[in-house]
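All remarks here apply to the structure that follows.
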Amino acid sequence: TTPCDRPAPPTAGLSHDKWEIDPSEMVLLEELGAGQFGVVRRGRWRGCKDTAVKMMKEGTMSEDEFIEEAKVMTKLQHKNLVQLYGVCSKHRPIYIVTEYMKHGSLLNYMRHPTHNQLGPAVMLDMCMQVCEGMAYLEKHNYIHRDLAARNCLVGAENVVKVADFGLARYVLDDQYTSSGGAKFPIKWAPPEVLNYTRFSSKSDVWAFGVLMWEVFTRGKAPYGRLTNPEVVEMVQRGQVLDKPSACSNDIYNVMRGCWRHAPEERPAFRVLREQLAGVLAD
Ligand SMILES: CN1CCN(C(=O)c2ccc(Nc3nc(-c4cccc(NC(=O)c5ccc(C(C)(C)C)cc5)c4)cn4ccnc34)cc2)CC1
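If you read the sequence shown in the working numbering, its first letter stands for residue 314, the second for the next number, and so on.
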């Protein structure tokens with residue numbers, strides 16, 4: 314049998330904890346792209362487990378804090394969360410190793426010509442899968458802080474999983490972390506985040522509404538060519554995104570619920586799951 318069928322050996326002695334991966338067991342393959350922390354490559358772990366490997370560019374992440382948090386993250390396990398396998402933290406750059414998703418980001422998948430014909434039923438199912446993953450995080454009091462279609466990934470048979478949950482806390486680039494910065498995800502942020510950077514599962518719910526809009530517009534940019542300050546002004550005034558043409562009134566009503574001004578007025582993910590299931594049945 315291939316090594317993958319054999320149960321993983323117990324962690325190698327005291328030096329390696331279960332979330333520490335031995336880099337000698339990792340073969341790095343082609344580049345998948347680059348994100349806030351630098352290059353991401355496909356990897357092969359123990360000869361046959363496909364992985365994605367983020368190679369932390371120096372100075373992009375507060376690494377010691379992240380390595381501490383990685384122990385918690387490896388325990389978050391759900392069919393709609395990209396599984397963190399572990400870290401290689403005994404060398405620089407450190408590696409973050411996760412399960413591999415072969416179709417890349419949900420945003421690029423929706424924009425891809427061959428998936429441009431996805432019908433509303435498939436779109437709704439994809440939103441439901443993201444909602445399942447987010448309901449699991451909500452139950453574990455875990456806030457994503459950058460939920461968007463670009464941070465969800467697609468695998469075989471239109472499986473969709475939420476990626477990079479909680480990682481935003483370790484970004485060192487203040488262009489990304491401060492709400493005035495050019496890289497701050499303004500178009501996915503509710504009023505309380507724009508005004509007080511007050512993140513919560515209810516701010517993730519707002520972002521989920523925008524993600525639904527991204528899916529039903531097949532990957533359009535929310536608020537089109539409006540600048541960030543113009544979007545801030547609109548959101549403060551209570552103006553929300555228009556109904557996408559591929560979207561029924563029922564589904565648009567679910568989105569609008571996510572964009573209520575007051576966080577406590579927005580449904581929790583466990584409620585959103587029932588609302589979407591209700592629409593699915595119709
Ligand atoms: C037919 N198409 C051909 C082209 N294509 C690909 O090249 C392609 C295929 C698979 C891909 N898979 C993955 N790609 C990535 C990936 C690739 C590039 C960048 C990133 N993202 C990041 O590096 C990143 C994202 C968010 C954040 C913060 C903290 C801001 C939230 C920080 C860093 C991820 C991660 N993965 C985790 C599991 N699977 C993947 C990515 C791309 C997709 C399929």
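Note that beta-carbon positions come from the ideal geometry of N, C-alpha and C, so glycine has one too.
Taking only three categories from DSSP, how would you classify residue i?
i, result
"Thr373", "coil"
"Ser418", "strand"
"Arg357", "strand"
"Thr510", "coil"
"Val385", "helix"
"Tyr476", "Per the sequence shown, residue 476 should be read as Ala rather than Tyr. Here Ala476 sits in coil by DSSP."
"Ala534", "coil"
"Lys500", "helix"
"Gly570", "helix"
"Lys331", "coil"
"Leu345", "strand"
"Val553", "coil"
"Leu539", "coil"
"Asp563", "helix"
"Leu485", "coil"
"Ala520", "helix"
"Gly591", "helix"
"Pro580", "coil"
"Lys515", "helix"
"Ala495", "coil"
"Ala365", "strand"
Going by CA-CA distance only, name the one from the options that's closest to residue i.
i, options, result
"Glu578", "Ser516, Asp487, Asn464, Asp563", "Ser516"
"Cys401", "Glu344, Pro336, Asp487, Val567", "Pro336"
"Ala469", "Ser418, Gly551, Glu376", "Ser418"
"Val528", "Trp358, Asn421, His404", "Asn421"
"Gly551", "Thr530, Ile564, Ala575, Asn562", "Ala575"
"Ala461", "Val592, Phe582, Lys392, Trp501", "Trp501"
"Ile564", "Pro535, Ala594, Asn541", "Ala594"
"Val545", "Arg573, Gly493, Pro580", "Gly493"
"Ile407", "Val385, Asp459, Thr427, Met339", "Met339"
"Leu524", "Asn471, Leu389, Asp459", "Asp459"
"Met368", "Thr411, Leu437, Met447, Lys392", "Thr411"
"Ala481", "Gly522, Phe379, Ile334, Trp572", "Phe379"
"Ile409", "Ala448, Leu585, Val352, His428", "Val352"
"Glu382", "Gln349, Tyr455, Cys560", "Tyr455"
"Cys560", "Gly537, Asn471, Gly522, Tyr536", "Gly522"
"Met441", "Gln430, Asn429, Asn471, Arg511", "Asn471"
"Glu371", "His404, Arg359, Thr364", "His404"
"Asn597", "Asn562, Arg573, Thr530", "Only positions 314 to 595 of the chain appear in this structure, which leaves residue 597 out of reach."
Using 10 angstroms around the beta-carbon of residue i, count the other beta-carbons present and answer buried if the total reaches 16, otherwise exposed.
i, result
"Pro504", "buried"
"Cys361", "exposed"
"Glu344", "exposed"
"Tyr509", "exposed"
"Val435", "exposed"
"Glu376", "buried"
"Ser491", "exposed"
"Ser514", "buried"
"Pro426", "exposed"
"Pro557", "buried"
"Pro542", "exposed"
"Pro323", "For Pro323, the pLDDT reaches just 43, beneath the cut-off of 50, and the residue's location in the model is therefore unreliable, although a value from the coordinates is still provided. Looking at its Cβ environment, which holds fewer than 16 other Cβ atoms inside 10 Å, Pro323 is exposed."
"Asn385", "Reading off the sequence shown, one finds Val at residue 385, where the question assumed Asn. When all chains shown are included, Val385 counts as exposed."
"Gln349", "buried"
Would residue i and residue j be called neighbours here (beta carbons separated by less than 8 Å)?
i, j, result
"Met439", "Val475", "no"
"Val567", "Leu539", "no"
"Asp477", "Thr373", "no"
"Met423", "Gly570", "no"
"Leu554", "Trp519", "no"
"Gly479", "His453", "no"
"Arg355", "Tyr413", "yes"
"Leu397", "Gly446", "no"
"Trp332", "Gly432", "no"
"Leu341", "Val366", "yes"
"Val467", "His416", "yes"
"Ala495", "Arg583", "no"
"Cys465", "Arg586", "no"
"Leu437", "Val592", "yes"
Q | Minimum length 3: unbroken beta strand (DSSP E) runs contained in the segment 395 to 461 | A | For the segment 395 to 461, whole beta strand (DSSP E) runs of length 3 or above, ordered along the chain, are 397 to 401, 408 to 412.
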